[in-house]
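Counting from 24, one number per residue, gives the positions in the sequence shown under the working numbering. Glycine is no exception: its CB is placed at the ideal position from the N, C-alpha and C atoms. Everything numeric in this text was worked out from a predicted model, so none of it was measured. Contents: one structure, followed by commentary.
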Amino acid sequence: MSVSYSEILKLNKELGGKLSSSTYQVTVLSNCTVSLVKEILEYSLRLEGINALVTTGDYDNIIQDTLKYKDSNLIIIFWELCNIMDGLHHKIELFNEEQIGELFEKVKSEIDLALENLSHSSLVLMNKFTALPFYNSNLHINNLERLAVQLNDYLKNKKWENVIVVDVDKVVASLGREKSIDMRYYYSSKALYTVDFFKDYAEHVKPLIMAVSGKSRKALIFDCDNTLWKGILGEDGFENIEMSAMTKDGSIFSEVQNIAKALYKRGILIGLCTKNNEKDVEEVIKSHPDMQLRDEHISVKRVNWFDKSRNLIEIAQELNIGLDSIVFVDDSSFEVGFIQKLLPDVKVLQVPERLSDYPKMLRENTGLFLDMSLTDEDKNKTEIYKVQKKRENAKGEFSSIEDYLVSLKLKMTIFEDDETLIPRISQMSQKTNQFNLTTKRYSEMDIRGFIQDDATKVYAFALLDKFGDSGVTGVGVIHFDSKNRTGNIDTFLMSCRIIGRNVEYVFMDYLINAMMENKVEKVNAIYIKTLKNGLTRDFYEQCSFTLKEATDSRKNYVLDISQYRSRQINYIEVVNGKKNNKDFVKCA
């Protein structure tokens, strides 16, 4: 983040006036002065389209503030070791072992109390305890460092479900201690960290926040010449392009390809968008001994002489993702500028002039693809998309869409309150944008809470057809009001990769029948408009619901359940999966 703090103040205000999405509430709790973080973190997140509002708690009031701010979307805790007690950074060197042990137990109890207060909060980022501001350059490990190690080991081993421990030492190490810490302000106002530190800290935690806000990138698309290998294939030829791990420059490209393969293993889609002869590139992928990325790793290719903006648009359409889900890597300044101008939603990375910086640059940007969990669907994602291409190709063989859908032999397996699916259900709530009626984002702890709630049911479905398994691709959450015999649809979402098969109507049939079995007479539902879910704006009306009231951003619906009319889609087989046998309170 190269802009000055005064520029951030101005730009943050401008961005805040432009964003119309719902506010993302962030609260920063601390035992030191961290007021600088507010504008910097807001600005960093607003640049990504997250309408953040950052509040800082009272100075050195962490435990009480955990009760006051526990309902925030995100809690960040700066619990600075040096300020646990006044002058600890130098007084602790005079402590004996018993005194250090007593201090450790005291802080440990305070941590437990604070995080217990936040046990139902959506997400907590707890900074590691650090002694780096008072680091002693000799080999002796001082008492402050020992205490930091003890407390961090406790945080690591405790493993609270909704807490992520942030290693602030990495931020300090990357920026440098002199640029991160200003002792003048620590001694005058207990403000330990500099503006530059908070800029880097905001960038460090931003991928986590983007992940839970549905803003993570999903596809990494490469140019080829001087991007995946050194040289120009059409001019230098198959034998002379360089990506061998045994040569100086080749080892850099080999490392880049291995970084891409590691992302592939995490479920990130890898693709090619290059101006080249298709036959030549296919030969490299198939036969070059030094090529790390093979056909099995690559979900999509556009190898032709059309402009790359057109190709990237086609890639997004083929993968059924938004342009804002794509990261594109190219070596050409012209191509980089061209894409940035024509497709501003695409994140564009340029191969650095100093080639040795290339792997570092790519590695630093892997946070753009951060996911909070790795599911079976992620591991098989490339294969899933290849199977989807087979479906699309088969569609042309039929004279009608219905004949095509009948031929797929679709099978939907529906799961109720299945705790084994919590990571996938949470992930879908955080990442699904197009077919998502409310776009509510839920953590794994939120989903577990719904499953354990006797008045709530969490439904999910997996979809299978003759081409293959699409995995768990739909979610519904219903809150039951037994007194009023009402069902409230909290969440109804579906993966974009299964759109067009009418499974949403079959899933709705199932949910309505489940509510009927539970003696529900009236169903309430909401559509909340976002930039991406226009596809679903009339879905509830298509399902017999009556529009009760509407604004520019929201529609409220009601359904007399006796008036529900099924679409009678008979070519999708529905079976029940695993059920949780919790005590469910039916409507009286």
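Listed in chain order, the beta strand (DSSP E) elements of length 3 or more contained wholly in the region 111 to 177 are 147 to 150. Under the three-state reduction of DSSP, M206 is assigned to helix. By the neighbour-count criterion, in which 16 or more other beta carbons inside 10 Å mark a residue as buried, Y210 falls on the exposed side. Only residues of its own chain outside the window of five on either side were considered, and among them S274 and S277 have a CB closer than 6 Å to the CB of A268, listed in chain order. The way I'd put it, the region 141 to 151 does touch the region 87 to 99; three or more beta-carbon pairs between them come closer than 8 Å. Using a Cβ distance threshold of 8 Å, I501 and M538 count as a contacting pair. For D513, the uninterrupted beta strand (DSSP E) run begins and ends at T509 to M517, by DSSP.
By the neighbour-count definition (other C-beta atoms within 10 Å, threshold 16), A573 is an exposed residue. Annotated three-state conformation of I85 is helix, per DSSP. Taking each of S197, F127 and A137 in turn and checking the Cα distance to D176, the smallest one comes out for F127. The region 192 to 209 and the region 326 to 334 do not touch, with fewer than three beta-carbon pairs separated by less than 8 Å. With a cutoff of 8 Å on beta-carbon distance, T153 and D109 are scored as not near each other. Fewer than three pairs of CB atoms, one per stretch, sit closer than 8 Å, so the region 350 to 370 makes no contact with the region 315 to 327.
Closest option to A75, judged by alpha-carbon separation, among D81, E65 and Y82: E65. Counting along the chain, Y482 sits inside no alpha helix (DSSP H); it lies in the beta strand (DSSP E) bounded by residues T479 to D488. Its chain contains L155 and S203 as the residues whose beta carbon lies nearer than 6 Å to that of V195, once the 5 sequence neighbours on both sides are disregarded; these appear in chain order. Excluding its 5 nearest sequence neighbours in each direction, K179 has C-beta neighbours in its own chain below 8 Å: V188, listed in chain order. Per DSSP, F220 is one residue of the alpha helix (DSSP H) stretching across V218 to V235.
Going by DSSP, K324 is part of the beta strand (DSSP E) stretching over I321 to N327.
Counting the other CB atoms within 10 Å of its CB gives F357 a total below 16, which places it among the exposed residues.
Contact between the region 423 to 431 and the region 474 to 482 is absent, with fewer than three C-beta pairs closer than 8 Å.
Rounded to whole angstroms, R414 and F490 show a C-alpha spacing of 7 Å. For K370, the enclosing beta strand (DSSP E) starts and ends at K370 to Q373. Straight through space, the alpha carbons of T79 and K222 are spaced by roughly 16 Å. Shortest Cα-Cα distance from A339 to any of I448, Q280 and L243 involves L243. For E37, the three-state secondary structure derived from DSSP is helix.
Measuring C-alpha to C-alpha distances from V498 to each of K545, T509, V526 and N84 identifies V526 as the nearest. Straight through space, the alpha carbons of A137 and L104 are spaced by roughly 16 Å.
Here L335 is near L366, since their CB atoms are less than 8 Å apart. Taking the C-beta atoms as reference points, V529 is found nearer than 8 Å to I595. Under DSSP, the beta-bridge partners assigned to Y550 are K578.
Within the DSSP bridge table, the entry for C105 names no partner.
Bounds of any alpha helix (DSSP H) do not take in V57, whose DSSP letter is neither H nor E. Here the C-alpha atom of E30 lies approximately 16 Å from the C-alpha atom of T217. Residues of the same chain with a CB within less than 8 Å of the CB of D303, apart from the 5 flanking positions on each side, are L256, G257 and F261 in chain order. Under DSSP, no beta-bridge partner is assigned to T455.
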